[in-house]
DNA sequence: CGTATGACGGTAG
DNA sequence: CCTACCGCCATAC
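Here it is, written out as structure tokens:
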């Protein structure tokens, strides 16, 4: 039980706040949590995200690349979900990333 | 407790 | 812009 609360739950909370059609980066989440240097930890937390029902498909790396799509059920499920929300994704790469980017440390602050 | 790993980020070249 | 290396924090073994 204690293995679930803490940093992980904090990551899931932020990811759940991501609006549809928006995406954020691991570094942005880590930055919001205070552990900005540990973007890796965010990805590590996402490893269990599928058991939390977290929309991890809205979380991509700094380049807007769907690095974690391999962790999803299908091969292109993550891409399909994003395109379904209005995000254009080509070859695992989000197009117009700046237009879809959602920074919690900014959006939740303003 | 020490080592290895991880869906990354930033800087350097 | 692309490639390569280091650093970062937390979890697992």
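In my numbering, the protein residues as written are 1131 to 1240.
Each residue gets a CB set at the ideal place from its N, CA and C atoms; glycine is no exception.
CA-to-CA distance, residue 1172 to residue 1191, given in whole angstroms
Annotation: residue 1191 to residue 1172 spans about 10 Å, alpha carbon to alpha carbon.
**Item:** Chain-order list of residues whose beta-carbon lies under 7 Å from that of residue 1157 (same chain, five-residue window excluded)
**Value:** Result list for residue 1157: 1166, 1169 and 1192, in chain order.
task = Report the rounded CA-to-CA distance for residue 1224 versus residue 1238, giving the unit in angstroms.
result = For residue 1224 and residue 1238, the distance between alpha carbons rounds to 23 Å.
Roughly how many angstroms separate the alpha carbons of residue 1131 and residue 1183, rounded to a whole number? Note that residue 1131 scores 46 on pLDDT, short of 50, meaning its location in the model is unreliable; the coordinates nonetheless yield the value given after this. So the two alpha carbons sit approximately 17 Å from each other.
Do you know how far the Cα of residue 1204 is from the Cα of residue 1236?
One alpha carbon belongs to residue 1236, the other to residue 1204, and they sit about 32 Å apart.
What is the DSSP secondary structure of residue 1195, counted as helix, strand or coil?
In the displayed model, residue 1195 falls within a strand according to three-state DSSP.
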